[in-house]
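Colleague:
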Amino acid sequence: MHAEIDTTKKLIEAINKGEPFSEQTVFECMRQLKRSVGFEETPENTKMWATYYWSKYQLIGIEKLICISQDDDLLRNTLYRYFGK
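Each residue of the sequence shown is one higher than the one before, starting from 2 at the first, in our numbering.
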C-alpha cells in the first residue's frame, strides 16, 4: 500500500461520483482505505493525516490531480514531490 497514491486514487474516484473536493472527503477516503486493509486508528489520528493530505492536495489542485491520476508514474512522481518522498 502506498498511502499517498492509494488515497489520491480513492479521492478522485469519490469526486467522480459527485463528492466535493474537501478535507472531509479526504478523511472519508482515508478511513475507508485503512479499514479495507484491516488497519484501524483513532478518528483524531486519521483527521490529522487528512488535514495534512488536504493541504498538499490544495497545493496541487483538483484539475491537476484528476489529470495526473491517469498516469501512475506521473501521479507517483508528482505526489512524492509534494509529499517530500
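We put the CB at the ideal spot given by N, CA and C, even for glycine.
I'd like the list of long-range same chain contacts for Leu-1, defined as Cβ closer than 7 Å, with 5 residues on each side in sequence excluded.
Modeller: Shown here, the chain extends from 2 to 86; a query on residue 1 therefore has no answer.
Colleague: Please check the pair Ile-69 and Leu-76, which I expect to be a contact at CB under 8 Å, by giving their CB distance rounded to whole angstroms.
Modeller: 5 Å between Cβ atoms; contact.
Colleague: Does the region 36 to 48 come into contact with the region 57 to 64, if we say contact requires no fewer than three beta-carbon pairs (one atom in each stretch) closer than 8 Å?
Modeller: Counting Cβ pairs under 8 Å, fewer than three are found: no touch.
Colleague: Residues in its own chain within less than 8 Å of His-3 by CB, not counting five upstream and five downstream?
Modeller: Hits under 8 Å: Arg-77.
Colleague: In whole angstroms, what is the alpha-carbon distance linking Phe-84 and Lys-57?
Modeller: Taking the straight line from one Cα to the other gives about 7 Å.
Colleague: From this set, Ala-51, Val-38 and Asp-72, which residue's C-alpha is nearest Phe-22's C-alpha?
Modeller: Taking only the C-alpha atoms, the option nearest Phe-22 is Ala-51.
Colleague: Tell me the rounded alpha-carbon separation between Thr-26 and Asn-17.
Modeller: Their backbone Cα atoms lie some 12 Å apart in a straight line.
Colleague: What would DSSP say about Gln-71, mapped onto helix, strand or coil?
Modeller: Note: Gln-71 maps to coil in three-state DSSP.
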